[in-house]
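Q: Have a look at this one.
Numbering (our numbering), first residue to last: 3 to 101.
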């Protein structure tokens with residue numbers, strides 16, 4: 003059995019509201035690290051929709067919720083790498099960002 007399959011099996015035993023909200027909080031914290039406003043807002047919208055879908059699947063006891071959760075944990079690693087790359091570049095502040 004592959005490591006990914008073992009992770010999914012272990013995750014299915016521990017998938018609950020708290021783990022989903024914890025993953026969402028990790029996403030939102032990492033998304034805030036984007037220096038570019040457009041990237042931040044895009045990823046906020048994208049992953050809010052993803053977590054709404056995951057929550058609906060979890061409530062419906064859909065078996066795909068575990069796979070969706072696993073996919074989102076993999077994408078979190080991607081977001082972390084992308085924020086690091088994004089921080090290497092300086093973007094001009096947009097008018098909508100002015101405080």
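Just so you know, even glycine gets a beta-carbon here, dropped at the ideal spot from N, CA and C. Note that the coordinates shown come from a computational prediction; the quantities given were computed from them, not determined experimentally.
Between which two residues does the alpha helix (DSSP H) containing residue 95 stretch?
A: Counting from one through the chain shown, the residue named residue 95 turns up at place 93. Careful: residue 95 lies outside any alpha helix (DSSP H) and carries neither H nor E.
Q: Exposed or buried, residue 7, counting other C-beta atoms within 10 Å across all chains shown (16 or more means buried)?
A: Here residue 7 is taken as the residue at index 5 of the chain shown, counted from 1. Note that residue 7 scores a pLDDT of 45, beneath 50, so its modelled location is shaky; the value from the coordinates is reported in the next line. Exposed, by the Cβ-count rule.
Q: Express the C-alpha separation of residue 94 and residue 23 in angstroms, rounding to a whole number.
A: Residue mapping note: residue 23 aligns to position 21 of the chain shown, counting from 1. Residue mapping note: residue 94 aligns to position 92 of the chain shown, counting from 1. Between residue 23 and residue 94, the C-alpha separation is close to 33 Å.
Q: Can you look up residue 37 in the DSSP assignment and give me helix, strand or coil?
A: By one-based count along the chain shown, residue 37 stands at place 35. Coil.
Q: Drop a sphere of 10 angstroms on the beta-carbon of residue 98, count the other beta-carbons inside from all chains shown, and report buried for 16 or more, exposed for fewer.
A: Taking the first residue of the chain shown as 1, we reach residue 98 at position 96. Its Cβ having fewer than 16 others within 10 Å, residue 98 is exposed.
Q: What three-state label does DSSP hand residue 27 in the structure shown?
A: Here residue 27 corresponds to residue number 25 of the chain shown, with the count starting at 1. Reduced to three states, the DSSP call for residue 27 is helix.
Q: Helix, strand or coil for residue 17? Go by DSSP, reduced to three states.
A: Within the chain shown, the letter at position 15 stands for residue 17. The answer is coil: DSSP assigns residue 17 none of H, G, I, E or B.
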